[in-house]
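Input: a single structure, listed below in structure tokens.
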Amino acid sequence: MRKFIFALLTLLFSISIFAHGPTPQKVQESITVNVSVEKAWALVKDFSAIDKWHPAVKDIKIEKRGEDTYRILSLESGGTLEEKFRSTDDDLKKIKWEITKGKVPFTDFNAYIIVSKGANANESIIQWTARFYRTYKLNPPIPEGQDDATAKAAGQVIVDNGLAGLKKTLESK
Amino acid sequence: MINQNKKFILIILTSILLSLIYLYSNYYKVNSKAYITNQGDNTVSVVDLINLEVIKTIKVGIAPLGITILNKKNLGFIGNVGTDDISVIDTRTDQIIKTIKLNTAPLSLTSSPDESKVYVTDWFKNNVLIISVEEMKVIDSFKVGKTPSGIAFNKKYNYLIVTNRDSNSVEVYNKNTKLIKKLATGNHPFGVYTKGKYAYTANVYDDTVTVINLEDWSSKDIKVGAHPYNILTHQNLALVTNAVDDSLSIIDLKIDKEIKKINTGETPENLDIHQKLNLLIVTNWGSDSISIYDLKNLKLIKEIKTGAQSRSFGNFILQ
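Protein chains in written order, with our numbering: chain A, 9 to 181; chain B, 4 to 322.
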């Protein structure tokens with residue numbers, strides 16, 4: 009019982025902390041992969057290859073709209089996600105993109121992945137950073153499912169599963 | 004005996020000189036600091052701008068974002084959007100001397116030129132709150148348009164200028180808090196800066212800045228990098244943080260065009276200048292750091308780790 013009350017209090021406390029203000033949410037995670045930095049970057053930089061490594065992605069379609077490149081992702085869970093390519097930088101080994109459409113519990117989702125050298129030649133570190141906001145941008149009370157905690161949890165899952173998928177794909181090749 | 008006296012005088016003179024040097028360098032040291040609000044870990048990093056290092060980390064309220072430094076009064080006002088209050092820091096001791104409760108989220112802050120008042124945009128209730136610096140409390144407020152984001156004080160005309168993020172406009176109030184003009188900006192204006200007869204807004208969604216002439220109310224949009232967040236001017240240049248581009252756009256104001264981009268840390272949000280030291284400081288939300296540039300040639304001098312999600316929306320340099 010005591011444990012339950014404690015958990016409830018923690019939950020209430022954390023909700024009240026994150027229920028306020030226009031605070032961008034940040035998820036930044038890294039994973040060490042046992043392949044060379046060149047090999048890791050070759051997969052990460054390919055905007056059209058996410059279906060090869062992200063477990064949530066079933067299928068991918070690339071679309072050119074003017075000068076912009078989009079990928080339309082069919083998800084394992086059903087539904088689609090549209091993402092716009094922003095840039096790659098071979099020196100920094102960095103790719104940037106944003107989510108432009110989809111049924112997701114967050115908004116203004118911008119992300120980048122940086123690949124860097126690990127402790128030795130056959131090791132690299134992949135870091136994924138995502139920035140986004142909750143969907144409800146107005147004053148409290150915030151409707152259920154549109155708050156910071158929901159947005160953060162959803163962003164976290166995308167990043168965590170993505171990094172795990174990258175490691176699995178890279179190391180099995 | 005004579006020799007001994009000479010020696011004594013020499014020692015005295017040397018020690019006076021040394022203490023003067025010490026006092027002088029100390030004066031510079033205490034008056035050259037950057038205050039970085041770290042929204043992710045509820046702290047403010049104090050950065051010594053002489054030695055370019057973090058010298059203190061101050062615990063403030065939850066989710067600190069906005070800031071304004073009162074140079075003459077040696078005070079820093081920090082807006083905490085998580086606890087709906089303001090932490091006031093004495094910049095001589097770098098300790099919190101007061102917490103001002105607001106019951107609304109303070110998004111951005113600026114002060115009157117005489118530093119007797121601090122103005123705060125009230126994000127939830129669409130007000131600007133007026134804080135008396137002497138009394139350390141809210142003494143008045145006035146209604147503004149929706150989602151008031153950035154705020155700046157124009158000394159030339161005594162105007163308070165507020166961006167309305169969700170209605171793509173900027174509002175200009177006179178010193179009696181009367182609305183005298185509302186103008187259209189680009190899409191999603193966030194930061195605002197003003198100097199002389201101009202005001203500038205950074206428009207996040209359409210990658211532009213709007214330059215507004217406060218004399219004849221003409222305006223013009225200039226294309227910059229992706230997701231511009233804030234802007235300031237220096238001589239004939241405007242410098243803009245492009246949050247999603249990890250860069251600064253450098254605009255030549257004589258031709259109103261971007262002339263180059265320079266690299267920053269990840270997700271740069273805000274920027275400020277130390278005039279005497281000729282330093283430009285940029286806060287990097289993504290890499291939890293600040294980038295310090297030589298203002299004369301815009302070359303990077305150093306990147307320093309600060310706290311989680313460094314933002315510092317406002318004037319954040321003590322000088």
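Cβ coordinates follow ideal geometry from the N, Cα and C atoms, glycine included.
Item: Nearest neighbour of residue 47 (chain A), chosen from A:93, A:69, A:134 and A:155 [CA to CA]; Value: A:134
Item: Where residue 270 (chain B) meets chain A, residues with beta-carbon distance less than 7 Å; Value: 139
Item: Of the listed residues A:163, A:148 and A:84, nearest to residue 116 (chain A) (C-alpha basis); Value: A:163
Item: Residue environment, residue 29 (chain A), which counts as buried when at least 16 other CB atoms sit within 10 Å; Value: Confidence at residue 29 (chain A) is low in this model, with a pLDDT of 46, below 50, so its placement is unreliable and no value can be given for it.
Item: Bounding residues of the alpha helix (DSSP H) (the contiguous stretch that carries residue 49 (chain A)); Value: 45 to 52
Item: Contact check, residue 180 (chain A) vs residue 44 (chain A), beta carbons under 8 Å; Value: no
Item: Spatial neighbours of residue 88 (chain B) in its chain, beta-carbon cut-off 7 Å, leaving aside the 5 residues before and after; Value: 64, 102, 103, 104 and 105
Item: Environment of residue 199 (chain B) [buried if 16+ CB atoms lie within 10 Å]; Value: exposed
Item: CB contact flag (residue 103 (chain A), residue 41 (chain A), <8 Å); Value: no
Item: CB-CB length for residue 155 (chain B) against residue 213 (chain B), believed under 8 Å; Value: Their Cβ separation, rounded to whole angstroms, is 13 Å, which puts residue 155 (chain B) and residue 213 (chain B) out of contact at 8 Å.
Item: Bridge partner(s) assigned by DSSP for residue 61 (chain A); Value: Residue 61 (chain A) is not bridged to any residue.
Item: Buried or exposed by the 16-neighbour rule on C-beta atoms within 10 Å, applied to residue 227 (chain B); Value: buried
Item: Below-8 Å beta-carbon distance, residue 205 (chain B) vs any chain A residue; Value: no
Item: Proximity test, Cβ basis, 8 Å: residue 165 (chain B) and chain A; Value: no
Item: Proximal residues of chain A, C-beta to C-beta of residue 43 (chain B) below 7 Å; Value: 34
Item: Residue(s) in a DSSP beta bridge with residue 72 (chain B); Value: B:79
Item: As assigned by DSSP and simplified to three states, the class of residue 233 (chain B); Value: strand
Item: Residue 47 (chain B) vs residue 57 (chain B) beta-carbon contact at 8 Å; Value: no
Item: is_contact[residue 13 (chain B), chain A] using C-beta, thresh 8 Å; Value: no
Item: Chain A residues whose Cβ lies nearer than 8 Å to that of residue 127 (chain B); Value: 147 and 148
Item: 6 Å CB neighbourhood of residue 135 (chain B) in its chain, flanking five on each side removed; Value: 142
Item: Proximity test, Cβ basis, 8 Å: residue 229 (chain B) and chain A; Value: yes
Item: Beta-bridge pairing of residue 90 (chain B) - partner residues as DSSP gives them; Value: B:81 and B:102
Item: Where the alpha helix (DSSP H) containing residue 291 (chain B) begins and where it ends; Value: Segment: none, residue 291 (chain B) is in no alpha helix (DSSP H) and carries neither H nor E.
Item: Every unbroken beta strand (DSSP E) inside the segment 159 to 210 of chain B [3 residues or more]; Value: 162 to 167, 172 to 176, 182 to 187, 192 to 198 and 201 to 206
Item: Listed by chain order, chain B residues near residue 94 (chain A) by CB distance under 9 Å; Value: 229, 247 and 248
Item: Proximity test, Cβ basis, 8 Å: residue 317 (chain B) and chain A; Value: no
Item: Identified DSSP bridge partners for residue 36 (chain A); Value: A:137
Item: Burial state of residue 86 (chain A), where buried means 16 or more other Cβ atoms lie within 10 Å; Value: exposed
Item: Sequence-distant residues of its chain with Cβ nearer than 6 Å to residue 60 (chain B) (five each side left out); Value: 46 and 48
Item: Limits of the alpha helix (DSSP H) - the one that residue 180 (chain A) falls within; Value: 156 to 180
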